[in-house]
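Novice: Quick one: the structure is below, questions incoming.
Protein chains: 2
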Amino acid sequence: MLIQEMTRGDSLSLLKSMRLGRLACAKDAQPYITPFYFSFAGNYLYSFSTVGQRIDWMRENPLVCVETDEVMSSQEWVSIIIFGSYQELTDTAEWERERAIAHELLQHHPDWWEPGYVKTTIDGRDRPLDPVYFRIEITETTGHRATANGGGDQLG
Amino acid sequence: MLIQEMTRGDSLSLLKSMRLGRLACAKDAQPYITPFYFSFAGNYLYSFSTVGQRIDWMRENPLVCVETDEVMSSQEWVSIIIFGSYQELTDTAEWERERAIAHELLQHHPDWWEPGYVKTTIDGRDRPLDPVYFRIEITETTGHRATANGGGDQLG
């Protein structure tokens with residue numbers, strides 16, 4: 011097996027086809043990961059959530075990390091890691107254009123809205139449905155690809 | 011779709027069958043995620059890595075978060091989130107027993123050793139092969155299960 015670092019161009023190309031990732035934020039040195047769906051455009055990952063712990067934490071500390079991967083086996087996988095910062099697309103004139111972009115991107119995936127906007131019952135209590143649009147501004151991207159035979163470096 | 015919080019017992023049962031997770035550490039408010047393979051036993055996730063950024067960061071700040079999931083679709087998934095702390099199983103008398111446990115658990119998955127111990131070429135330079143055993147001591151576990159029809163709560 012050979013693990014190779016991907017070029018930034020290859021990482022960004024692959025990112026366009028990725029939808030599911032894991033988003034980490036941190037509060038007082040304690041990291042926190044949650045799965046999330048995103049849509050990559052420009053230099054941003056656009057997404058959507060209800061308020062909750064991760065939104066609370068990102069509002070307080072915007073530094074985040076996103077990981078997305080395709081794992082075929084322990085010997086064949088690609089993994090992209092992004093450092094970035096959280097930007098909330100508030101329902102104000104300032105963010106009107108960005109909210110429109112987010113809405114446009116996210117409406118191509120109507121099923122995504124459900125996890126972020128579904129009526130959720132936790133411990134018999136309904137979770138509040140306060141939609142939050144946000145995007146992650148990418149500051150650094152690194153990608154790695156593992157190949158079983160060490161050959162091939164093309165993106166499928 | 012219904013998202014339900016799993017009991018701690020159900021989460022731990024499911025964790026036994028999980029192998030691939032994402033591990034987040036943090037340095038100076040910047041979180042960092044990497045994929046990793048683990049084996050759950052007792053109150054610990056055992057794993058193995060070469061030295062590098064994540065080991066450096068966890069040595070400095072042992073607070074970590076692990077996320078592992080099975081995503082069948084955007085409407086059917088389970089996700090387990092663990093808060094815990096990094097413990098390095100150094101090659102000393104103090105950790106001899108724990109290293110034996112880790113070795114026993116990890117040798118059931120010989121292919122896992124490759125990602126952590128493979129000759130890796132990054133930018134034409136070979137990555138150093140310094141094996142590090144570690145475990146994550148679990149301090150908190152939460153699990154959520156989404157079901158498309160809102161029915162069923164059993165673990166398969």
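For the protein sequence lines, the chains are A and B, in the order given. Per my numbering, the very first residue in the first sequence carries number 11; after that it's consecutive. Per my numbering, the very first residue in the second sequence carries number 11; after that it's consecutive. Even for Gly, the Cβ is constructed at its ideal location relative to N, Cα and C.
#1: Run through DSSP, which three-state label would MET16 (chain A) get?
#2: My understanding is that GLU98 (chain A) touches PHE144 (chain A), with C-beta atoms under 8 Å, so please give their C-beta distance in whole angstroms.
#3: Rank A:THR152, A:CYS35, A:SER95 and A:ILE146 by C-alpha distance to the C-alpha of PHE48 (chain A) and give the top, closest one.
#4: Check the Cβ of ARG32 (chain A) against every Cβ in chain B and list those closer than 7 Å, keeping chain order.
#5: Any chance the region 72 to 79 of chain A sits against the region 32 to 40 of chain A, with 3 or more Cβ pairs inside 8 Å?
#6: Taking the straight line between their C-alpha atoms, what separation do you get for LYS26 (chain A) and ILE90 (chain A)?
#7: Take the Cβ of PRO41 (chain B) as the centre, count every other Cβ of all protein chains shown within 10 Å, and call the residue buried at 16 or more, exposed below.
#8: Report buried or exposed for ALA156 (chain A), applying the criterion of at least 16 other Cβ atoms within 10 angstroms of its Cβ.
#9: Measure the alpha-carbon distance for SER83 (chain B) versus GLU104 (chain B) and round it to whole angstroms.
#10: May I ask you to report which of helix, strand or coil DSSP gives ARG155 (chain A)?
#11: In chain A, what lies closer than 7 Å to LEU24 (chain B) by C-beta?
#12: Could you name the residues of the region 88 to 116 of chain B whose beta carbon sits closer than 8 Å to any beta carbon of chain A, in the order they occur along the chain?
#13: What's the C-alpha gap between THR100 (chain A) and ARG107 (chain A)?
#14: Taking only runs that begin and end inside the region 54 to 83 of chain B, name each unbroken beta strand (DSSP E) of 3 or more residues, in chain order.
#15: Report yes if the CB atom of TYR54 (chain A) is closer than 8 Å to the CB atom of ILE148 (chain A), and no otherwise.
#16: Distance check for THR60 (chain B) and SER23 (chain A), CA to CA, integer angstroms please.
#17: For PHE50 (chain B), which residues does DSSP report across the bridge?
Specialist: Looking at the coordinates:
#1: To locate residue 16 (chain A), count along the first sequence from 1; it is residue 6. Strand.
#2: Translated into the one-based positions of the first sequence, residue 98 (chain A) becomes position 88. Translated into the one-based positions of the first sequence, residue 144 (chain A) becomes position 134. Confirmed, about 5 Å.
#3: Translated into the one-based positions of the first sequence, residue 48 (chain A) becomes position 38. Nearest C-alpha to PHE48 (chain A): A:ILE146.
#4: Residue numbering aside, residue 32 (chain A) sits at position 22 when the first sequence is read from its first letter. The contacting residues are ARG32, ILE43 and GLU77.
#5: yes
#6: For the purposes of this step, residue 26 (chain A) is taken as residue 16 along the first sequence, with counting starting at 1. For the purposes of this step, residue 90 (chain A) is taken as residue 80 along the first sequence, with counting starting at 1. Cα-Cα distance, rounded: 12 Å.
#7: As a working mapping, residue 41 (chain B) is identified with position 31 in the second sequence. That one is buried.
#8: As a working note, residue 156 (chain A) is residue 146 in the first sequence. ALA156 (chain A) comes out buried.
#9: Locating residue 83 (chain B) in the second sequence gives position 73, counting from the first residue. Locating residue 104 (chain B) in the second sequence gives position 94, counting from the first residue. When rounded, the distance between both Cα atoms is 45 Å.
#10: Within the first sequence, the letter at position 145 stands for residue 155 (chain A). Three-state DSSP puts ARG155 (chain A) in a strand.
#11: Your numbering for residue 24 (chain B) matches position 14 in the second sequence. Simply none; closest approach about 15 Å.
#12: SER89, ILE91 and PHE93
#13: Along the first sequence, read from residue 1 onward, the residue named residue 100 (chain A) stands at position 90. Along the first sequence, read from residue 1 onward, the residue named residue 107 (chain A) stands at position 97. Looking at the two C-alpha atoms, the distance is approximately 11 Å.
#14: 54 to 60 and 73 to 83
#15: One-based indexing of the first sequence puts residue 54 (chain A) at position 44. One-based indexing of the first sequence puts residue 148 (chain A) at position 138. In this structure, ILE148 (chain A) lies closer than 8 Å to TYR54 (chain A) by Cβ.
#16: Indexing the first sequence from 1 puts residue 23 (chain A) at position 13. Indexing the second sequence from 1 puts residue 60 (chain B) at position 50. Roughly 28 Å between the two C-alpha positions.
#17: In the second sequence, counting from the first residue as 1, residue 50 (chain B) sits at position 40. Its beta-bridge partners are B:LEU55.
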